[in-house]
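All the letters of the sequence shown, read from the start, carry residue numbers 8 to 347 under the working numbering. Idealized CB from N, CA, C, for every residue including glycine. Just so you know, these numbers come straight off a predicted model, no measurement behind them. Contents: one structure, followed by commentary.
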Amino acid sequence: MPRIVSTYQRPWWLPSGHLQSVYAQFLRRPQVDYRRERYELDDGDFIDLDWAGAADSAQPLIVFFHGLEGSSDSQYCRHTMVAANARGWSGMVAHFRGCSGEPNRLPRSYHSGDSAHCDTVLREMRARFPTRTIYAVGVSLGGNALTKWCGEQGDAAKAIIAAAASVSNPLDLGISAEAILHPKNWIFNRYFMNAMGASYTRRMQTHPHLREKGFLATPKSFPQFDEHYTAPTHGYTSAWDYYHRASSRGFIAKIRVPFLLLNAMNDPFVPASLFPNDAEMPDNVTLEQPKDGGHVGFVTAGFPGKLDWLAKRLTAFFSAAGADSSDSRKGADARSGATP
């Protein structure tokens with residue numbers, strides 16, 4: 008497994024992982040002109056796919072899986088779409104259920120182990136574009152789900168995507184959930200619990216039986232929320248069962264596509280002790296562990312800072328990883344007339 012030295016350097020004025028994580032959320036986001044597609048699922052629910060860039064199916068496509076309570080508006084999605092479009096590529100943010108600004112129809116929602124979501128979206132993209140170069144990237148929750156999917160698929164993933172990347176992956180959901188409860192992480196816990204509490208209060212209005220089952224509208228922690236909602240709604244027996252079965256760390260050794268695992272050493276709630284060692288990793292997985300960056304922070308430059316380093320790093324990795332497959336796929340989709 009390649010373990011590379013990261014080029015990321017934090018600004019001198021942003022010294023800690025906590026500051027790097029929080030500050031990134033307040034920087035100005037670039038404008039992206041998305042085109043929304045409503046995709047109907049077989050179970051009667053739907054997801055929204057937000058497309059960016061020219062509808063040129065001869066060029067590579069980046070499929071993006073966002074983080075918890077994220078969307079195509081998240082800074083990391085917008086910056087990646089801009090970087091992809093600058094290369095002439097297309098980009099698409101595949102919203103998890105209920106994350107596109109409109110509640111989904113079913114009581115179930117999404118979770119960190121939702122590799123079925125990745126499978127549905129990526130197989131649909133391959134069906135639409137049989138010979139197009141497709142890359143996939145997931146951030147935080149989306150990174151865990153995508154990593155899990157890549158491991159589940161093994162060699163079969165090679166027929167669907169050319170390469171994948173995971174950023175700020177929680178790796179072990181139980182340990183990360185406990186880490187967020189540390190007093191120094193109170194701001195993260197409060198943010199997520201408020202956002203998720205509001206989301207599921209709205210969900211109870213359309214699905215009142217959730218309240219009858221004792222689900223919490225005001226969760227205090229991830230373990231509490233996952234015990235009362237995530238686990239029973241998504242087929243797990245308990246929060247522990249969910250953490251055990253949905254964590255992506257155990258799937259990394261089974262990944263067979265070119266894969267970038269990018270986690271900062273100072274991520275406030277993903278301890279560096281969770282990072283896999285060389286003996287656990289296949290040769291096609293690249294581990295990049297910058298000293299700084301926080302949780303999906305990666306701010307650079309002088310004050311007030313820039314947020315384009317991560318997007319450029321991802322597109323550079325994909326460009327290198329997909330160079331061999333790109334030539335063989337290029338052009339055939341254009342002849343088939345497929346468009347986003």
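Item	Value
DSSP on Trp58, reduced to helix/strand/coil?	strand
Compare the C-beta of Thr154 with all C-beta atoms of chain D and state if any pair is closer than 7 Å.	Of the protein chains in the structure, only one exists, and it is not chain D.
Going by beta-carbon coordinates alone, are Leu314 and His124 separated by less than 7 Å?	no
Let's test the definition: count the other Cβ atoms within 10 Å of the Cβ of Pro275 and tell me whether it reaches 16, buried, or not, exposed.	buried
I need the DSSP call for Gly329, collapsed to helix, strand or coil.	coil
With three or more C-beta pairs closer than 8 Å as the rule, is the stretch 114-132 touching the stretch 272-288?	no
Starting from Thr293 and walking both ways along the beta strand (DSSP E), at which residues does that stretch end?	292-295
Identify the continuous beta strand (DSSP E) that holds Tyr145 and give its terminal residues.	According to the sequence as given, residue 145 is Gly; it is not Tyr. Note, Gly145: beta strand (DSSP E), 141-146.
In terms of residue numbering, what span does the alpha helix (DSSP H) encompassing Val89 cover?	82-93
Quick one: using the 10 Å Cβ neighbour count with 16 as the cut-off for buried, is Glu44 buried or exposed?	exposed
In three-state terms, what does DSSP make of Gly181?	helix
From Ile54 to Leu26, what does the alpha carbon distance come to, in whole angstroms?	33 Å
Measure the alpha-carbon distance for Tyr46 versus Leu56 and round it to whole angstroms.	7 Å
Let me make sure I understand the geometry here. Which of Arg17, Arg42, Val89, Gly149 has the alpha-carbon closest to that of Asp299?	Arg17
Can you name the start and end residues of the alpha helix (DSSP H) that Gly24 belongs to?	24-30
Taking the beta carbon of Ser183 as the centre, do at least 16 other beta carbons fall within 10 Å, making it buried, or is it exposed?	buried
Is Pro67 buried or exposed, if buried means 16 or more other CB atoms sit within 10 Å of its CB?	buried
Looking at C-beta atoms only, is the number of pairs between the stretch 137-146 and the stretch 104-124 that lie closer than 8 Å three or more?	no
What's the call for Asp121, buried or exposed, on a 16-neighbour Cβ count within 10 Å?	buried
For Val174, count neighbouring Cβ atoms within 10 angstroms of its own Cβ and tell me buried if that reaches 16, exposed if not.	buried
Please report the straight-line C-alpha distance between Lys227 and Ser64, rounded to a whole angstrom.	46 Å
Alpha carbon to alpha carbon, how far is Arg36 from Ala318?	13 Å
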